[in-house]
Amino acid sequence: MDTYALLIASTLNAGTVLAIASLGLLVNERVGIVNLGAEGMMLCAAIAGFATTVHTGSDVLGFLAGAGSGALMALIFGLLVIYLNTNQYATGLALSLFGAGFSAFVGVNYVQAKLEDRMHYGVPGLEDIPLIGPAFFQQHPLVYGTIIFAVILVFFFNKTKAGLIVRSVGESPESAHALGYKVRTIRLWAVIAGGALCGLSGAYISIVYTPLWVEGMVAGKGWIALALTTFATWRPMRVLLGAYLFGGVTMLQFHLQSIGIDVASQLLSMLPYLATIVVLALISRNPLWIRVNMPASIGKPFYPGN
Amino acid sequence: MLKLEQRPTPSKYWSVASPVMSLFITVIIGACLFILLDKDPVKGLLVFFWEPLKSGYAISELMVKAIPLLIIATGLSVCFRSNVWNIGAEGQFVLGAICASGVALLAEKGASSWILVPIILSGILGGMIWAGVTALLKDRFNTSEILVSLMLVYVAIMLLNFLVYGPWKDPNGYNFPQTKTFDAATQIPRLFKGSRVNVGIFAALAGSLSLWIFLFKTKMGFALRVGGLAPNAARYAGFSPSKALWAALLTSGGASGLAGALEVVGPVGQLTPFIPVGYGFAAIIVAFVGRLHPIGMVFSSLLMSMLYIGGELAQSRLGLPKSLTGVFQGLLLFTLLACDVFIAHKIKYKTPFTPLSQPRP
């Protein structure tokens, strides 16, 4: 039974990585911008966060550095895409390629570095309950923070005026512009917020999830996070659910190995990627379902008239 | 105040000038990077942009890396022109390498060189199958080709690792994760003695030529140049968008597979976990920097190959990490996209508007 508690705990942990990034990308896509640079931002944030924590010994500063570097990269992306109307896909791809190269370049000196002893986390009072404690209540604060954040996002999009404006920018930038909202500014801030969250997720990977630095350590999680927003039809709570599902698939491979199933580890490592493909195919099979939920202006540039 | 103004027609001049300008900006940023790293910027830039051209041998090495880049980019340009975002060429390249190796491993000692034909064909087929998965899912289920093709890169690399760590591992290889060195008969003929350039260069140039003929001499190519995958343009040329999707993905998958096959039976000579070195991703940059044009991509593939070799030299000569290559490649694509703004726009200086009827003090 203890192994199942451990499985649940590690699923929550792995899911949180995906959830933070994917919620950020959801904010992006709700204003009509697709940022394919998620992987690159997460990689740069992972090394920025890791290096900061190595030097300062502070996790919090590491998270801030990660979020900051993600926001900075998203800012460059946003300026190009929103103000210069460059192609969103190509620009995002450039960000990913650059991020992969740059993080490897900067990270060379940190390959051997270690973080100081990791703290133990737990919710006082609840963490000692047998089974349930180890499964749910011995997690990093960000795991719970992510859940709260998803709830806040739901509230923001559905119950606040600002959320309505953000959504209207994504659905019909022309109408939002006609009503006097600064479409480009709103889009830029959403993109920066998305970048900061991707950065936070990247830093979470290198500081908490696997506290070390290896070249390319994000290993496609940025792309899976991108797939998750489609999977979740751009709803925060479904993003959260999808993230835990994929976290579970990631952890399943280790679990299968530990219970002695005789399949080569390389084949098991394909699982999350194959699962992403299958799930994407299933969800996009019904075009109406996607079209009803998708922000209408997604991927399209917006030219404000003068 | 400076303002961007839409041009009535895209500027031909800037579509050529933009790659040159982006290279220039990348070089300047590179020089700054060298200064930051406490290295002589002149020496650093020479390593990237002069050393790879210095001698006959250096140039032949430049070609060794430019060949796969050009082959993959040629295929990708068909995809990008039809607005199909195949970004998984790396995976198709790996599959080509795997399938070609599968046949090469079957070669008995003293096999005839004709075995090269099935080797190369199976490589092409492998790449096509991998791209075909993406095409099938896009066609049947409207699944994003961007995400599927990219996920398949990871799957392909895992498959490669599985094979070289498992069933295909050389039993006499001191437990290294690699296959045995392929039989001599499977080696594709080299162009000159003492260089690693092989006849793959003809495949690459033939690819460029056929792309040129297709784009500029056929009706289908014309439709592609004018309309991309726009439904009307496709219908005008007499094919359905779905057929165009398949054609684009199979072409680029086949090309990537061919590049992968040429790599394992060419310069490498065995299947190792180090076959994927990012050619599939670099080729995306080659395609864009070369303006998706067959001749442009010949130049940009050489440029990208220079960046690869420069990175290796920077490691051995200057003690800098090899990943400098990736930094330069990413920067190049970034600055290119920014410079491309001038193709469709021009900068205008606008004096702030003051209405004539404004009362003067």
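The listed protein sequences correspond, in order, to chains B and U.
Per this note's numbering, the first sequence starts with residue 1, numbered consecutively.
Per this note's numbering, the second sequence starts with residue 307, numbered consecutively.
Even for Gly, the Cβ is constructed at its ideal location relative to N, Cα and C.
Nothing here was measured: the structure is a model prediction, and the numbers come from that model.
3 or more residues per run - each beta strand (DSSP E) lying fully within the stretch 213-274 of chain B:
Counting only runs of at least 3 residues, the stretch 213-274 of chain B fully encloses no beta strand (DSSP E) element at all.
Would you tell me roughly how many angstroms separate the C-alpha atoms of N306(B) and I435(U), rounded to the nearest one?
Below a pLDDT of 50, predicted positions are generally treated as unreliable, and N306(B), at 48, falls in that range; the measurement from the model is reported next regardless. The C-alpha of I435(U) is placed about 49 Å away from the C-alpha of N306(B).
Is E414(U) helix, strand or coil by DSSP?
Residue state, collapsed to three classes: coil.
Give the DSSP-derived three-state secondary structure of H651(U) in the structure shown.
Correct three-state label for H651(U): strand.
Would you say G586(U) faces chain B, with C-beta separation under 9 Å as the test?
Contact with chain B is absent for G586(U), since none of that chain's Cβ atoms lies less than 9 Å from the residue's Cβ.
Against chain B, does I393(U) count as a neighbour if the rule is that its beta carbon must be under 9 Å from one of theirs?
Yes, contact with chain B.
Using a Cβ-Cβ cut-off of 9 Å, state whether N87(B) counts as contacting chain U.
Answer yes: the Cβ-Cβ gap between N87(B) and chain U drops below 9 Å somewhere.
is_contact[V239(B), chain U] using C-beta, thresh 9 Å
Cβ-Cβ to chain U under 9 Å: no for V239(B).
If we define contact as Cβ-Cβ less than 9 Å, is E127(B) a contact residue for chain U?
Taking a beta-carbon distance threshold of 9 Å, E127(B) does not count as an interface residue toward chain U.
For I283(B), which residues from the same chain have a beta carbon less than 7 Å from its beta carbon, with the 5 sequence-adjacent residues on both sides left out?
Exclusion of the five residues before and after I283(B) leaves T230 and F231 as the residues of its chain whose Cβ lies within less than 7 Å of its Cβ.
Whose C-beta lies closer than 8 Å to the C-beta of L61(B) among residues of the same chain, with five residues either side of it excluded?
Excluding residues up to 5 positions away in sequence, T52 and T53 lie with their Cβ nearer than 8 Å to the Cβ of L61(B) in the same chain.
Taking 9 Å as the threshold (beta carbon to beta carbon), is P287(B) in contact with chain U?
Closer than 9 Å: yes.
Whose Cβ in chain U lies nearer than 7 Å to the Cβ of Y273(B)?
Result: M457, Y460 and V461.
So within the stretch 38-107 of chain B, which uninterrupted alpha helix (DSSP H) runs reach at least 4 residues, ignoring any that extend past its ends?
Taking 4 residues as the shortest admissible run, the stretch 38-107 of chain B contains the following complete alpha helix (DSSP H) segments, listed from N- to C-terminal end: 38-56, 59-78 and 88-107.
What did DSSP end up calling R496(U) once you bin it into helix, strand or coil?
In this structure, R496(U) counts as strand in the three-state DSSP scheme.
Rounded to whole angstroms, what is the Cα-Cα separation between A190(B) and L568(U)?
About 45 Å.
Three-state secondary structure (DSSP) at V322(U)?
Three-state result, V322(U): helix.
Between the stretch 464-481 of chain U and chain B, which residues of the former have a C-beta closer than 7 Å to a C-beta of the latter?
M464, N467, F468, Y471 and G472: these are the residues of the stretch 464-481 of chain U whose beta carbon lies less than 7 Å from some beta carbon of chain B, given in chain order.
Chain-ordered neighbours of F631(U) on chain B, where CB pairs are closer than 8 Å
For the record, residue 631(U) in the displayed sequence is Thr; it is not Phe. Residues of chain B whose Cβ lies closer than 8 Å to the Cβ of T631(U) are, in chain order, G101.
With the cut-off set at 9 Å, would you say P600(U) and W474(U) are in Cβ contact?
Their beta carbons are not under 9 Å apart, which means P600(U) does not touch W474(U) by this criterion.
On the DSSP bridge list, what partners appear for K345(U)?
DSSP output for K345(U) lists no bridge partner at all.
Looking only at its own chain, which residues have a Cβ that is under 6 Å from the Cβ of G258(U), when we skip the five neighbours before and after it?
With chain U covering 307 to 667 only, the question about residue 258(U) has no answer from this structure.
With distances taken between CB atoms, is the gap from G433(U) to G560(U) smaller than 9 Å?
When the beta-carbon positions are compared, G433(U) and G560(U) come within less than 9 Å of each other.
Could you say which of I147(B), I33(B) and W223(B) lies nearest to M41(B) if we only look at CA atoms?
Measuring from the Cα of M41(B), the nearest candidate turns out to be W223(B).
Can you check which of these residues, R387(U), K415(U), D346(U) and I430(U), is closest to F520(U) by C-alpha distance?
F520(U) has its Cα closest to that of R387(U), out of R387(U), K415(U), D346(U) and I430(U).
With a threshold of 6 Å on Cβ separation, who are the neighbours of I331(U) within its own chain once the five nearest residues in sequence on each side are excluded?
Same-chain partners within the cutoff: T641.
Using a Cβ-Cβ distance cut-off of 9 Å, determine whether F105(B) contacts chain U.
With 9 Å as the cut-off, F105(B) counts as an interface residue toward chain U.
Would you decide whether F482(U) is buried or exposed? Buried here means 16 or more other CB atoms lie within 10 Å of its CB.
Answer is exposed; the Cβ neighbour count stays below 16.
Just to confirm my understanding: we take L26(B), look at its own chain, exclude 5 residues before and 5 after, and list those with CB closer than 7 Å. What are they?
So the qualifying residues of the chain are T229, W234, P236 and V239.
Would you verify that the beta carbon of T91(B) is, or is not, closer than 9 Å to some beta carbon of chain U?
True, the Cβ-Cβ gap to chain U drops below 9 Å.
Would you mind reading off the limits of the alpha helix (DSSP H) that contains F587(U)?
F587(U): member of the alpha helix (DSSP H) spanning Y585 to V595, first to last residue.
Among G125(B), A219(B) and V183(B), the one whose alpha carbon lies nearest that of S269(B)
Closest by alpha carbon: A219(B).
Can you give me, in chain order, the residues of the stretch 583-612 of chain U that have a beta carbon less than 8 Å from any beta carbon in chain B?
Hits within the stretch, in order: F587, I590, I591 and F594.
In chain order, what residues of the same chain have a beta carbon less than 8 Å from the beta carbon of M251(B), not counting five sequence neighbours either side?
So the list reads L7, S10, T11 and A14, once near-sequence residues are dropped.
Could one say the Cβ of D489(U) lies closer than 9 Å to chain B's Cβ atoms, at least one of them?
So no, D489(U) is outside the interface.
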